[in-house]
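Asks:
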Amino acid sequence: MSALVINKLNCFYQENKILKELDLELENNQIVCLLGESGCGKTTLLRAVAGLQTEFTGDISINGRVVNSAKKNLTPEERKVGLIFQDYALFPHLNVFDNVAFSLHEFPKEEKQKRVNEVLALVRLGEYAERFPHQLSGGQQQRIAIARALAYQPDLMLLDEPFSNLDHHVRFQLIDEIRLLLKSRNMSALFVTHSKEEGFAFADKIALMQAGKIVQIDDAQNLYRFPQSKYVADFMGQSNYLPVRVLDNHCYYSELGEINSPNIIKYDKGTELTLLLRPEQLAINLDVNGKGVVEQISYLGPYQQITVSYLAKLYIIKQSTHVGACMQFNEGDKVNMDILCHDFVFFEKEKVS
Amino acid sequence: MPILALVMSAFSVDESGSFQHLIDTVLLDYTLTTLQVIAGVLVLSLCFALPSAWFIACCEFPSRKVLQWALMLPLALPPYIVAIVYTDLLDFSGPIQGFLRDFMGWQSVGDYYFPDIRTTSGAIVILALTLYPYLYLLLRGAFLGQSGGLFQAARSLGLSPFQAFKRVSFPLSRSAMAVGLSLIAMETLGDFATVNYFAVNTLTTAVYDTWLELGSLTTAAKISSLMLLALVILITLESYSRRKQKIYQRSGATHTDLRFVLSGWHKWTVLSGLWLLLSLAFLLPLCVLIYYAIGYFSESLNEQLWQYTLNSFWLAIIVAGLALLVALVVNFYQRLSPGLAAKMCIRLSSLGYAVPGTVVAIGVLIPFTSLDLWFNQQLIEYSFSRVGLIFSGSLFILIFGYLMRFSAIAVGSIDSSLAQVSPTLDMASRSLGQSVGQTIRRVNFPLIKKGMLTAFILVFIEAMKELPTALLLRPFNFETLATYVYQFVSDEMIEYAALPALLIVLMGLIPFIVVNRLLEKDC
Chain F
3 MSALVINKLN CFYQENKILK ELDLELENNQ IVCLLGESGC GKTTLLRAVA
53 GLQTEFTGDI SINGRVVNSA KKNLTPEERK VGLIFQDYAL FPHLNVFDNV
103 AFSLHEFPKE EKQKRVNEVL ALVRLGEYAE RFPHQLSGGQ QQRIAIARAL
153 AYQPDLMLLD EPFSNLDHHV RFQLIDEIRL LLKSRNMSAL FVTHSKEEGF
203 AFADKIALMQ AGKIVQIDDA QNLYRFPQSK YVADFMGQSN YLPVRVLDNH
253 CYYSELGEIN SPNIIKYDKG TELTLLLRPE QLAINLDVNG KGVVEQISYL
303 GPYQQITVSY LAKLYIIKQS THVGACMQFN EGDKVNMDIL CHDFVFFEKE
353 KVS
Chain A
8 MPILALVMSA FSVDESGSFQ HLIDTVLLDY TLTTLQVIAG VLVLSLCFAL
58 PSAWFIACCE FPSRKVLQWA LMLPLALPPY IVAIVYTDLL DFSGPIQGFL
108 RDFMGWQSVG DYYFPDIRTT SGAIVILALT LYPYLYLLLR GAFLGQSGGL
158 FQAARSLGLS PFQAFKRVSF PLSRSAMAVG LSLIAMETLG DFATVNYFAV
208 NTLTTAVYDT WLELGSLTTA AKISSLMLLA LVILITLESY SRRKQKIYQR
258 SGATHTDLRF VLSGWHKWTV LSGLWLLLSL AFLLPLCVLI YYAIGYFSES
308 LNEQLWQYTL NSFWLAIIVA GLALLVALVV NFYQRLSPGL AAKMCIRLSS
358 LGYAVPGTVV AIGVLIPFTS LDLWFNQQLI EYSFSRVGLI FSGSLFILIF
408 GYLMRFSAIA VGSIDSSLAQ VSPTLDMASR SLGQSVGQTI RRVNFPLIKK
458 GMLTAFILVF IEAMKELPTA LLLRPFNFET LATYVYQFVS DEMIEYAALP
508 ALLIVLMGLI PFIVVNRLLE KDC
């Protein structure tokens with residue numbers, strides 16, 4: 003049984019359609035990240051699952067239980083989902099213990115105590131039970147929010163930009179902790195963020211959204227290496243685009259010269275395509291007769307980013323800064339450019355535009 | 008409904024012809040005087056409030072902390088009480104002229120010139136002295152809210168403190184100024200007792216006179232509609248002035264961290280100016296009231312005073328309770344189902360405070376008088392005996408009028424405290440299995456309880472002070488402290504008015520201090 007199934011979900015805000023015929027499925031114990039630019043509808047999708055969206059059509063099931071359909075619309079309190087927010091949403095008038103015990107008010111005292119202690123121990127904040135939210139750091143507050151949601155024993159966790167307010171160091175430490183925690187409890191989670199680094203670190207799969215639709219869903223590596231559109235390619239990382247023409251089953255022609263394909267080319271001879279080249283898939287060599295010129299070099303720690311103009315077009319190349327691993331370049335150097343061996347990704351002409 | 012009734016009634020035919028008579032004779036004069044009073048009060052209030060607010064927010068000098076809240080105290084004094092105190096002090100037979108005559112050896116009024124307080128200018132000064140705190144409060148908030156970094160940047164670019172104030176702080180506080188000035192203009196437009204006591208004829212006195220003396224509800228409604236029109240223009244202008252306002256987050260150092268320490272003659276000038284303002288607006292009138300209250304204590308302390316105090320107290324308690332209820336319903340409606348209907352609901356409930364008491368009273372009288380007539384006719388038709396004016400002649404209409412006028416204060420107070428409760432808290436609670444009702448009870452109420460208390464107390468204070476609505480809507484033989492004081496004021500018996508007036512001030516002052524402490528703790 004899937005943890006979450008969404009079928010043909012449409013959400014509206016006033017006159018605007020925010021989500022368009024959206025489908026999504028989450029397996030058990032899977033963490034899926036909804037990634038996209040601001041306004042693409044990822045938070046709306048999360049709120050629709052939580053039951054906080056009023057204008058919508060479509061079906062949603064959580065753990066096999068229909069929570070939204072044409073006939074049924076369960077209230078948020080009937081859905082058994084744990085919601086985690088960017089601003090932590092801890093109740094400021096309650097201390098840590100009462101915050102965590104918020105959903106357990108009908109439980110006997112001993113049972114409540116036991117459950118709260120158990121989840122506080124999970125997030126390693128057992129000794130903070132008497133403190134109030136304002137006496138905790140951002141990371142601690144978010145861990146309490148997780149503990150509060152876990153105490154409720156939800157069927158699904160929904161996390162709305164939960165790490166955005168945290169410092170870089172605390173953020174990635176907390177991402178690891180919470181991921182481990184969810185995995186250890188066999189929890190499924192839908193996680194919203196606009197940061198691909200957070201998505202890479204936290205989720206099993208990433209659903210990239212654009213204008214109310216999921217444009218591609220896959221694991222991080224595949225999304226980066228095999229994007230299905232230029233939008234996905236650009237969102238996932240820096241890209242160079244090289245126009246090519248198919249010469250035969252094994253060879254393309256481009257302004258860099260002839261390129262041999264590692265696989266048999268499925269396009270017809272003469273077809274014009276665009277080849278996606280990530281900066282690390284290009285290499286340059288010093289050559290006084292080279293057609294490229296080094297325009298700019300930016301040192302970025304583990305690697306350097308080199309901008310090369312080649313026949314009036316700019317290319318970005320990433321090169322490791324490891325001593326001995328690379329050639330030293332200076333701005334103005336004449337260079338030649340090569341494509342390193344990798345699985346090629348092409349976009350047809352209309353897809354690029 | 009009352010506003011609709013007012014507008015409809017204003018378009019009906021005036022059979023008595025008194026409105027036409029007013030147009031032919033005094034209406035233009037009344038309108039011009041009203042505008043003159045409003046303009047004068049606005050200018051003078053600005054002169055009082057702007058420097059006070061800036062010095063308190065941005066400078067450091069001895070007694071600043073006391074003055075910070077003390078400068079708001081004049082709000083607890085109804086203007087008409089200040090008016091009688093100053094009339095008593097400055098009249099020909101008063102202590103000041105008496106002292107001057109004795110000291111200078113003058114014999115009669117022809118021997119010297121002394122300004123007459125019972126004039127339009129006198130009314131302007133008295134109203135400005137009691138109403139400036141509205142503007143002071145908002146401007147002080149605006150100055151405190153401005154990022155100190157902006158001011159620092161201006162200073163680092165070579166501006167003197169005064170230039171930095173003129174070119175940075177002042178333009179940024181224009182929005183607060185517009186709101187404050189509109190509030191003062193509305194209060195001035197609605198003031199009845201002060202202008203009436205000084206025999207300055209404004210539109211408000213015209214409404215009162217046409218209804219109680221000429222008995223023409225239609226004419227009163229027509230004048231009220233004119234005032235309503237002026238208010239609509241005022242509110243529109245105020246929103247227009249704020250159309251480009253943006254919420255600037257306070258970031259970095261605030262003025263609190265960067266106060267100028269005043270020294271030398273600057274310090275003494277500011278100190279004496281602010282204490283003089285406080286003395287004239289609050290301390291002096293209060294002392295005079297205390298003096299008379301002690302002197303005439305046994306004569307003033309009678310059964311009537313006790314009864315009217317109880318009347319005022321219970322009326323204010325009931326109105327404050329109901330206003331709080333209205334405010335909670337309206338605000339939670341907006342929070343739970345945000346949309347145009349909820350927005351309109353908030354807007355409409357906010358309109359009442361802007362409308363002068365006399366206009367509210369006439370607006371309420373029209374539908375309830377018709378309802379009474381209709382109800383009695385129905386009773387007769389069904390062979391029952393008449394029950395009389397059960398709506399318009401009972402406490403019901405008075406409470407309704409007060410509620411219409413003051414629920415805006417409660418709505419505003421609950422609105423601002425609820426706005427500080429992040430919607431994510433509601434969502435978190437709902438996702439943790441709590442229903443809407445449980446969320447309101449377990450999350451919202453505990454977080455807005457200070458706002459609820461503030462709303463209750465603010466309405467209580469206003470209801471204790473309110474005069475025009477009470478004068479026009481009170482049932483026969485029902486007096487409040489305010490109407491009791493007004494009766495003595497009309498008879499020029501300040502000695503007897505002092506103790507009940509002092510009671511009004513104290514019953515306003517104590518809750519006022521409580522609210523102030525609450526708000527300070529919030530900050």
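Top line first, the protein sequences correspond to chains F and A. Using the working numbering, the first residue of the first sequence is number 3, and each one after it goes up by one. Using the working numbering, the first residue of the second sequence is number 8, and each one after it goes up by one. Glycine is no exception: its CB is placed at the ideal position from the N, C-alpha and C atoms.
1. Can a CB atom of chain F be found closer than 8 Å to the CB of Pro345 (chain A)?
2. I think Ala200 (chain A) touches Tyr87 (chain A), with their Cβ atoms under 8 Å apart; what is that distance to the nearest whole Å?
3. For a test of the three-state rule: what should DSSP assign to Cys343 (chain F), helix, strand or coil?
4. Let's test the definition: count the other Cβ atoms within 10 Å of the Cβ of Phe193 (chain F) and tell me whether it reaches 16, buried, or not, exposed.
5. Quick check: what's the CA-CA separation for Gly43 (chain F) versus Ile62 (chain F)?
6. Less than 6 Å between C-beta atoms, sequence neighbours within five positions excluded: which residues of the same chain meet that for Ala349 (chain A)?
7. Counting only C-beta atoms, is Gly60 (chain F) closer than 8 Å to chain A at any point?
8. Which of the three DSSP states is assigned to Gly294 (chain F) in this structure?
9. Can you give me, in chain order, the residues of the segment 64-87 of chain F that have a beta carbon less than 9 Å from any beta carbon in chain A?
10. Would Ile86 (chain F) and Asp162 (chain F) qualify as a contact pair, given that the criterion is a beta-carbon distance under 8 Å?
11. Starting from Pro164 (chain F), find everything on chain B with Cβ-Cβ shorter than 9 Å and list it in chain order.
12. Comparing alpha-carbon positions, which option in A:Leu525, A:Ile447, A:Met459 and A:Ser438 lies nearest Gln55 (chain F)?
13. Below 8 Å CB to CB, which residues in the same chain sit around Ala203 (chain F) once its five sequence neighbours on both sides are set aside?
14. Report the residue ranges of all beta strand (DSSP E) runs contained in full by the segment 28-77 of chain F; include only those spanning at least 3 residues, in chain order.
15. Name the residue from F:Ala314, F:Gly292, F:Gln321 and F:Leu288 whose alpha carbon lies nearest to the alpha carbon of Pro304 (chain F).
16. Rounding to the nearest angstrom, what Cα-Cα distance links Leu145 (chain A) and Val186 (chain A) in this structure?
17. Who are the neighbours of Val214 (chain A) on chain F, taking C-beta pairs under 8 Å?
18. Quick one: residues in its chain with C-beta nearer than 8 Å to the C-beta of Leu13 (chain A), no 5 flanking neighbours on either side, listed in chain order?
19. Against Leu335 (chain A), what residues of chain F qualify as contacts under a CB-to-CB distance less than 7 Å, listed in chain order?
20. What are the residues that DSSP puts in a beta bridge with Leu278 (chain F)?
21. Buried or exposed: which applies to Arg174 (chain A), given that a residue is buried once 16 or more other Cβ atoms fall within 10 Å of its Cβ?
22. Closer than 8 Å, CB to CB, is Val277 (chain A) near chain F or not?
23. In whole angstroms, what is the alpha-carbon distance linking Pro229 (chain F) and Tyr243 (chain F)?
24. If contact means a Cβ-Cβ distance below 9 Å, which residues of the segment 147-162 of chain F contact chain A?
25. Answer yes or no: does any C-beta atom of chain F fall closer than 8 Å to that of Gly532 (chain A)?
26. Would you kindly work out how many angstroms separate the C-alpha atoms of Ser70 (chain A) and Phe267 (chain A), rounded to a whole number?
27. Measure the C-alpha to C-alpha separation of Ala149 (chain F) and Leu168 (chain F) and round it to an integer number of angstroms.
28. Are any of the Cβ atoms in chain A nearer than 8 Å to that of Ser105 (chain F)?
29. Within 8 Å (strictly less), CB to CB, does Ser258 (chain A) reach chain F?
30. Count Cβ pairs between the segment 73-84 of chain A and the segment 45-64 of chain A that sit closer than 8 Å; are there 3 or more?
31. Please determine if the segment 237-253 of chain F and the segment 285-299 of chain F are in contact, where contact requires at least 3 C-beta pairs separated by less than 8 Å.
32. Quick one: list the residues of chain F neighbouring Pro453 (chain A), beta-carbon separation under 7 Å, in chain order.
33. Kindly indicate if chain A contains any beta-carbon less than 8 Å away from that of Asp169 (chain F).
34. Which runs of the beta strand (DSSP E) at least 3 residues long sit entirely within the segment 74-105 of chain A? Give them in chain order.
35. CA-CA distance, Met3 (chain F) and Gln240 (chain F)?
36. Please compile the residues from chain F whose C-beta is within a distance smaller than 7 Å of the C-beta of Thr431 (chain A).
Replies: The relevant details are as follows:
1. Position 338 of the second sequence, counted from the first residue, corresponds to residue 345 (chain A). By this cut-off, Pro345 (chain A) is not an interface position.
2. Within the second sequence, residue 200 (chain A) is the residue found at index 193, counting from 1. Within the second sequence, residue 87 (chain A) is the residue found at index 80, counting from 1. Yes, Ala200 (chain A) and Tyr87 (chain A) are in contact; Cβ-Cβ is about 3 Å, under 8 Å.
3. Start at 1 with the first residue of the first sequence, and residue 343 (chain F) comes out as number 341. It is coil, neither helix nor strand.
4. What you label residue 193 (chain F) is simply residue 191 of the first sequence in a count that begins at 1. Its Cβ being crowded by 16 or more others within 10 Å, Phe193 (chain F) is buried.
5. Here residue 43 (chain F) corresponds to residue number 41 of the first sequence, with the count starting at 1. Here residue 62 (chain F) corresponds to residue number 60 of the first sequence, with the count starting at 1. Straight-line Cα distance between these residues: approximately 16 Å.
6. Counting from 1 along the second sequence, the entry for residue 349 (chain A) is found at position 342. Cβ within range, chain order: Tyr340 and Gln341.
7. Against the first sequence, residue 60 (chain F) aligns to sequence position 58. No - not a single Cβ of chain A is within 8 Å of the one on Gly60 (chain F).
8. The count along the first sequence starts at 1 and reaches residue 294 (chain F) at position 292. Residue state, collapsed to three classes: strand.
9. Thr77, Pro78, Glu79, Glu80, Arg81, Lys82, Val83, Gly84, Leu85, Ile86 and Phe87
10. For the purposes of this step, residue 86 (chain F) is taken as residue 84 along the first sequence, with counting starting at 1. For the purposes of this step, residue 162 (chain F) is taken as residue 160 along the first sequence, with counting starting at 1. Contact flag set, yes.
11. Looking at the structure shown, chain B is missing, and the protein chains on hand are F and A.
12. Here residue 55 (chain F) corresponds to residue number 53 of the first sequence, with the count starting at 1. Out of A:Leu525, A:Ile447, A:Met459 and A:Ser438, A:Ser438 has the C-alpha closest to the C-alpha of Gln55 (chain F).
13. Position 201 of the first sequence, counted from the first residue, corresponds to residue 203 (chain F). Excluding sequence neighbours, Ala203 (chain F) sits near Phe174, Ile177, Asp178 and Arg181.
14. Inside the segment 28-77 of chain F, DSSP marks whole beta strand (DSSP E) runs of 3 or more residues at positions 33-38, 58-64 and 67-70, from first to last along the chain.
15. On the first sequence, position 302 is the one that residue 304 (chain F) refers to. Per the Cα distances, F:Gln321.
16. Walking along the second sequence from the start, residue 145 (chain A) turns up at place 138. Walking along the second sequence from the start, residue 186 (chain A) turns up at place 179. Whole-angstrom Cα-Cα distance: 8 Å.
17. Within the second sequence, residue 214 (chain A) is the residue found at index 207, counting from 1. Simply none; closest approach about 43 Å.
18. In the second sequence, counting from the first residue as 1, residue 13 (chain A) sits at position 6. Closer than 8 Å at the Cβ level, and outside the excluded window around Leu13 (chain A), lie Ala228, Ser231, Ser232, Leu235, Val366, Ile369, Gly370 and Ile373.
19. Taking the second sequence and counting its residues from 1, one reaches residue 335 (chain A) at position 328. Per Cβ cutoff of 7 Å: no residues; Leu335 (chain A) is ~18 Å from chain F at best.
20. Start at 1 with the first residue of the first sequence, and residue 278 (chain F) comes out as number 276. In the DSSP output, where bridge partners are listed per residue, Leu278 (chain F) has F:Tyr243 and F:Val347.
21. For this step, residue 174 (chain A) is matched to residue 167 along the second sequence. Burial call: exposed.
22. Here residue 277 (chain A) refers to the residue found at position 270 when the second sequence is read from its first residue. It does not: the Cβ of Val277 (chain A) has no partner Cβ on chain F nearer than 8 Å.
23. Stepping through the first sequence from its first residue, residue 229 (chain F) is reached at position 227. Stepping through the first sequence from its first residue, residue 243 (chain F) is reached at position 241. Distance between Pro229 (chain F) and Tyr243 (chain F), taken at the CA atoms: about 13 Å.
24. For the segment 147-162 of chain F, the set of residues with a beta-carbon nearer than 9 Å to any beta-carbon of chain A comprises Ala147, Arg150, Ala151, Ala153, Tyr154, Pro156, Leu160 and Asp162, in chain order.
25. Past the boundaries of the shown model lies residue 532 (chain A); chain A is included only from 8 to 530, so the question cannot be answered.
26. As a first step, residue 70 (chain A) must be located in the second sequence, where it is residue number 63. As a first step, residue 267 (chain A) must be located in the second sequence, where it is residue number 260. Approximately 14 Å between the Cα atoms of the pair.
27. By 1-based counting over the first sequence, the position of residue 149 (chain F) is 147. By 1-based counting over the first sequence, the position of residue 168 (chain F) is 166. The straight-line gap from Cα to Cα measures roughly 18 Å.
28. Numbered from its first residue, the first sequence carries residue 105 (chain F) at position 103. At least one chain A Cβ lies under 8 Å of Ser105 (chain F).
29. Here residue 258 (chain A) refers to the residue found at position 251 when the second sequence is read from its first residue. Because the pLDDT at Ser258 (chain A) is just 45, under 50, the model does not fix this residue reliably, and the value given afterwards should be weighed accordingly. It does not: the Cβ of Ser258 (chain A) has no partner Cβ on chain F nearer than 8 Å.
30. A contact exists between the segment 73-84 of chain A and the segment 45-64 of chain A.
31. Fewer than three beta-carbon pairs drawn from the segment 237-253 of chain F and the segment 285-299 of chain F are found closer than 8 Å, and the two stretches are therefore not classed as touching.
32. For the purposes of this step, residue 453 (chain A) is taken as residue 446 along the second sequence, with counting starting at 1. His95, listed in chain order.
33. The residue you call residue 169 (chain F) lines up with position 167 of the first sequence. No, its Cβ sits nowhere closer than 8 Å to a Cβ of chain A.
34. Listed in chain order, the beta strand (DSSP E) elements of length 3 or more contained wholly in the segment 74-105 of chain A amount to none.
35. The sequence position of residue 3 (chain F) within the first sequence is 1, counting from 1. The sequence position of residue 240 (chain F) within the first sequence is 238, counting from 1. Approximately 38 Å between the Cα atoms of the pair.
36. For the purposes of this step, residue 431 (chain A) is taken as residue 424 along the second sequence, with counting starting at 1. Phe87, Asp89 and Ala91, listed in chain order.
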